[in-house]
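There are 2 protein chains.
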Amino acid sequence: MSRGKVTIADVAERAGVNASTVSRVVNGTASLSPDTTARVQRAIAELGYRPNRAARHLAGGRTGAIGIVVPDLTNPFFATIVRGAQHAAHDAGELTLVADSESRGRGEVELSAMLARDVDGLVLCSPTSPAGQLRGAVTGRPAVLVNRQARGWPSVVADQAQAVEVAFDDVRSQGHERIAYVRGPSNKWTSSVRDRVAARLGAVLVGPFAPTFAGGAEAAEVLDDDVTAVITHNDLMAVGLIDALLRKGRRVPRDLSVLGCDDIEIAALTRPRLTSVAMPLEELGATAVGLLLDLIARPAPDVDSLHRTLPVWLVARDSTARPK
Amino acid sequence: MSRGKVTIADVAERAGVNASTVSRVVNGTASLSPDTTARVQRAIAELGYRPNRAARHLAGGRTGAIGIVVPDLTNPFFATIVRGAQHAAHDAGELTLVADSESRGRGEVELSAMLARDVDGLVLCSPTSPAGQLRGAVTGRPAVLVNRQARGWPSVVADQAQAVEVAFDDVRSQGHERIAYVRGPSNKWTSSVRDRVAARLGAVLVGPFAPTFAGGAEAAEVLDDDVTAVITHNDLMAVGLIDALLRKGRRVPRDLSVLGCDDIEIAALTRPRLTSVAMPLEELGATAVGLLLDLIARPAPDVDSLHRTLPVWLVARDSTARPK
DNA sequence: CTGAAAGCGCTAACAA
DNA sequence: TTGTTAGCGCTTTCAG
Numbered sequence: 018m019s020r021g022k023v024t025i026a027d028v029a030e031r032a033g034v035n036a037s038t039v040s041r042v043v044n045g046t047a048s049l050s051p052d053t054t055a056r057v058q059r060a061i062a063e064l065g066y067r068p069n070r071a072a073r074h075l076a077g078g079r080t081g082a083i084g085i086v087v088p089d090l091t092n093p094f095f096a097t098i099v100r101g102a103q104h105a106a107h108d109a110g111e112l113t114l115v116a117d118s119e120s121r122g123r124g125e126v127e128l129s130a131m132l133a134r135d136v137d138g139l140v141l142c143s144p145t146s147p148a149g150q151l152r153g154a155v156t157g158r159p160a161v162l163v164n165r166q167a168r169g170w171p172s173v174v175a176d177q178a179q180a181v182e183v184a185f186d187d188v189r190s191q192g193h194e195r196i197a198y199v200r201g202p203s204n205k206w207t208s209s210v211r212d213r214v215a216a217r218l219g220a221v222l223v224g225p226f227a228p229t230f231a232g233g234a235e236a237a238e239v240l241d242d243d244v245t246a247v248i249t250h251n252d253l254m255a256v257g258l259i260d261a262l263l264r265k266g267r268r269v270p271r272d273l274s275v276l277g278c279d280d281i282e283i284a285a286l287t288r289p290r291l292t293s294v295a296m297p298l299e300e301l302g303a304t305a306v307g308l309l310l311d312l313i314a315r316p317a318p319d320v321d322s323l324h325r326t327l328p329v330w331l332v333a334r335d336s337t338a339r340p341k
Numbered sequence: 018m019s020r021g022k023v024t025i026a027d028v029a030e031r032a033g034v035n036a037s038t039v040s041r042v043v044n045g046t047a048s049l050s051p052d053t054t055a056r057v058q059r060a061i062a063e064l065g066y067r068p069n070r071a072a073r074h075l076a077g078g079r080t081g082a083i084g085i086v087v088p089d090l091t092n093p094f095f096a097t098i099v100r101g102a103q104h105a106a107h108d109a110g111e112l113t114l115v116a117d118s119e120s121r122g123r124g125e126v127e128l129s130a131m132l133a134r135d136v137d138g139l140v141l142c143s144p145t146s147p148a149g150q151l152r153g154a155v156t157g158r159p160a161v162l163v164n165r166q167a168r169g170w171p172s173v174v175a176d177q178a179q180a181v182e183v184a185f186d187d188v189r190s191q192g193h194e195r196i197a198y199v200r201g202p203s204n205k206w207t208s209s210v211r212d213r214v215a216a217r218l219g220a221v222l223v224g225p226f227a228p229t230f231a232g233g234a235e236a237a238e239v240l241d242d243d244v245t246a247v248i249t250h251n252d253l254m255a256v257g258l259i260d261a262l263l264r265k266g267r268r269v270p271r272d273l274s275v276l277g278c279d280d281i282e283i284a285a286l287t288r289p290r291l292t293s294v295a296m297p298l299e300e301l302g303a304t305a306v307g308l309l310l311d312l313i314a315r316p317a318p319d320v321d322s323l324h325r326t327l328p329v330w331l332v333a334r335d336s337t338a339r340p341k
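Sequence lines, in order, name chains A and B. Counted from 1, the first sequence has number 110 at position 93 by my numbering; the numbering is strictly sequential. Counted from 1, the second sequence has number 30 at position 13 by my numbering; the numbering is strictly sequential.
Dropping the structure here:
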């Protein structure tokens, strides 16, 4: 109830124990008698005690916060991952420090280095920097990669291979045979996986192009005439592609089926509404934080086995249909 | 250069002074001889000293962080404000704690209360909670409101009246006379201002509707036949409205001009591309932080005069044209 | 103008 | 199982 200035000493006095005992029940750091535990907990509740983060940090080394670095916070794709991460972190009583790297000069590396001092660990989303530089930036703090895998780093990724596969399954099952895949930026880990899988599945690869509306529009210019379905690196490109196609007088999906990836909001707002592959964005963030908290609690046993892959799924809409 | 474990004592030793002296030059807390100042600064540089936030917080009371509460981080509108705020904060050496209130049960009030303990001040974006409750939540910390004004609170807002005015000016100058204004949620401060201005300018008010694609589509059903231009509360509604209109066989802008508000990314991606009123989003965030930092440095003289209004501007695209 | 000393609130040995 | 004792790194009186 009281006004936030309650210290551990107040609780100790109220419960008739020593401050360190209070610390122990709060942190579960030792075995206490049920009796004292109860008394302390009651005192905590009555006083409305909440441990002071700064003091904790100073004394124990743990900051009680985790850092999340994303390329672009204004991109709902990343913002959603952040949201998932924040939920998980807050549920665990950890604060979150979010930073976006693309905006402004500061890159992932510099930003991570800045944050590293003030957090117990880091979640790095879709980082493109060399793994070595990242390693240096996190200065001993545990870190988990999201949507990228690299030797020596724990990671949580959406199943990129499956993403391409479900997309192909969908159009193939509708009868399409000549299928194009529009590549995204080649420096992204997700791209490298998808490109490879698309190639394996027999797609006609075009690109790479920028992962934007304009990039998709460009792709429209280089599509073979006999292609009846096209899968793009992401939804924005798909929307740009469709727009360009429409302007050239081609009908979607009548002449050409188009399939996006990521299932961002815009996919459902365009005409035709875009069929897309949805990613478990919030879960990606939440899982990453879960892994990170484990790592913070008990430092890495065998980091290289700490890879988690989350399933994706198709969301069918109007931009795909049987070929003529 | 060294590994982040440099303390104020190290610097003091290197510079041949007392730790408190180092503290003074770092904080500019007293007048020092140019000589010692220089020596200390050199030591700081050579050692790569960076003050420890937790220690600072514990000793001095300042956390070195500010909190930013937004309704929905996955909405690029707010994410952009956050970005602006982060830039300003980081430039001032402050960390930022971002929280979004809509996702999950936690409302603005609860979230602000949680954050308040760990920050020096708060930026509250478009809060809808009663001012009284907010007041309680920030527990003595300074706070500034973004896109809302309320007695007793400093604020930074985009000029809502001007937003409606420039929209009207645009369509009026093209010759439109019967103009509808589609209202957004009535519990938002921005809505209250816009609705009032729209009414004053002689618009036909419809709504309120949800500030979404679906909300805009609904509005399409209740538009008078003699209206030749319609201005909506936001871009998403405009896009939904246009979509619904198109499905009913009406042409945009040939039959009806549509004008959105906020100028979010999607505005430029639809066909027709949406004419919209752009808001200085990043600047809104940055200005709010600037104000907040002032308030933190020297507590409120006359809070009620601390209102800042930023200009908005029209971005003309294809969804508006002269009436038939 | 600068040094010395006392904590801020908490955790972590070390005893008991 | 619990109390005692030191600090963590910094700011801030208070002297000088």
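In this text, a Cβ means the ideal position worked out from N, Cα and C, and glycines have one as well.
Residues that residue i bridges to, as DSSP identifies them
i, result
"residue 325 of chain A", "A/173"
"residue 198 of chain A", "A/222 and A/248"
"residue 293 of chain A", "A/277 and A/332"
Residue i (DSSP reduced to helix, strand or coil)
i, result
"residue 114 of chain A", "strand"
"residue 182 of chain B", "helix"
"residue 304 of chain B", "helix"
"residue 23 of chain A", "coil"
"residue 269 of chain A", "coil"
"residue 337 of chain B", "coil"
"residue 203 of chain A", "coil"
"residue 38 of chain A", "helix"
"residue 282 of chain B", "helix"
"residue 317 of chain B", "coil"
"residue 239 of chain A", "coil"
"residue 167 of chain A", "coil"
"residue 345 of chain A", "The structure shown does not extend to residue 345 of chain A, since chain A spans only 18 to 341, so no value can be given for it."
"residue 33 of chain A", "coil"
"residue 227 of chain B", "coil"
"residue 232 of chain A", "helix"
"residue 192 of chain B", "coil"
Contacts around residue i, its chain only, beta-carbon distance under 7 Å, and the 5 residues preceding and following it disregarded
i, result
"residue 73 of chain B", "79 and 81"
"residue 205 of chain B", "143 and 145"
"residue 309 of chain B", "83, 138, 140, 159 and 161"
"residue 77 of chain B", "none"
"residue 234 of chain B", "257, 258, 260 and 261"
"residue 222 of chain A", "198, 200, 212, 215 and 216"
Same chain, Cβ closer than 6 Å to residue i, neighbours up to 5 away in sequence not counted
i, result
"residue 36 of chain A", "25, 26 and 29"
"residue 54 of chain A", "42"
"residue 193 of chain A", "245, 246 and 340"
"residue 292 of chain B", "276, 333, 334, 336 and 337"
"residue 130 of chain B", "154"
"residue 33 of chain A", "none"
"residue 298 of chain B", "97 and 98"
"residue 6 of chain A", "Absent from the structure is residue 6 of chain A, since the part of chain A shown begins at 18 and ends at 341."
"residue 176 of chain A", "326, 328 and 329"
Own chain, CB closer than 8 Å to residue i, minus 5 neighbours either side, in chain order
i, result
"residue 322 of chain A", "none"
"residue 23 of chain A", "64, 65, 66 and 67"
"residue 303 of chain A", "101, 102, 104 and 105"
"residue 208 of chain B", "200, 201, 202, 225 and 250"
"residue 279 of chain B", "94, 251, 252, 293, 294, 295 and 296"
"residue 58 of chain A", "42"
Which complete alpha helix (DSSP H) runs does the stretch 131 to 164 of chain B hold, if anything under 4 residues is left out? DSSP assignment within the stretch 131 to 164 of chain B yields the following whole alpha helix (DSSP H) runs of 4 residues or more, N-terminal first: 148 to 154.
When you check each C-beta in the stretch 312 to 333 of chain A against every C-beta of chain B, which residues fall closer than 8 Å? From the stretch 312 to 333 of chain A, no residue has a Cβ closer than 8 Å to chain B.
Please go through the stretch 45 to 127 of chain B and give each complete beta strand (DSSP E) segment of 3 or more residues, from N-terminal end onward. List check, beta strand (DSSP E) in window: 82 to 87 and 112 to 117.
Determine which residues of the stretch 223 to 244 of chain A have a Cβ less than 8 Å from any Cβ of chain B, and write them out in chain order. Listed in sequence order: 230.
What residues from the stretch 191 to 211 of chain A come within 7 Å of chain B, judged by C-beta to C-beta, listed N to C? From the stretch 191 to 211 of chain A, no residue has a Cβ closer than 7 Å to chain B.
Please identify, using Cβ separations under 9 Å, the residues of the stretch 270 to 292 of chain A that lie next to chain B, in order along the chain. Interface annotation for the stretch 270 to 292 of chain A against chain B: 282, 283, 285, 286, 287 and 288, criterion Cβ-Cβ distance under 9 Å.
Going along the stretch 99 to 124 of chain B in order, which residues come within less than 9 Å of chain A, judged by CB to CB distance? When CB distances to chain A are screened at a threshold of 9 Å, the residues of the stretch 99 to 124 of chain B falling below it are 99, 100, 103, 104, 107, 112, 113, 114, 115, 116, 117, 120, 121 and 123, in chain order.
Which residues, in chain order, does the stretch 252 to 268 of chain B contribute to contact with chain A at a C-beta distance below 9 Å? Contact annotation: in the stretch 252 to 268 of chain B, residues whose CB is within less than 9 Å of a CB in chain A are 253, 256, 257, 260, 263 and 264.
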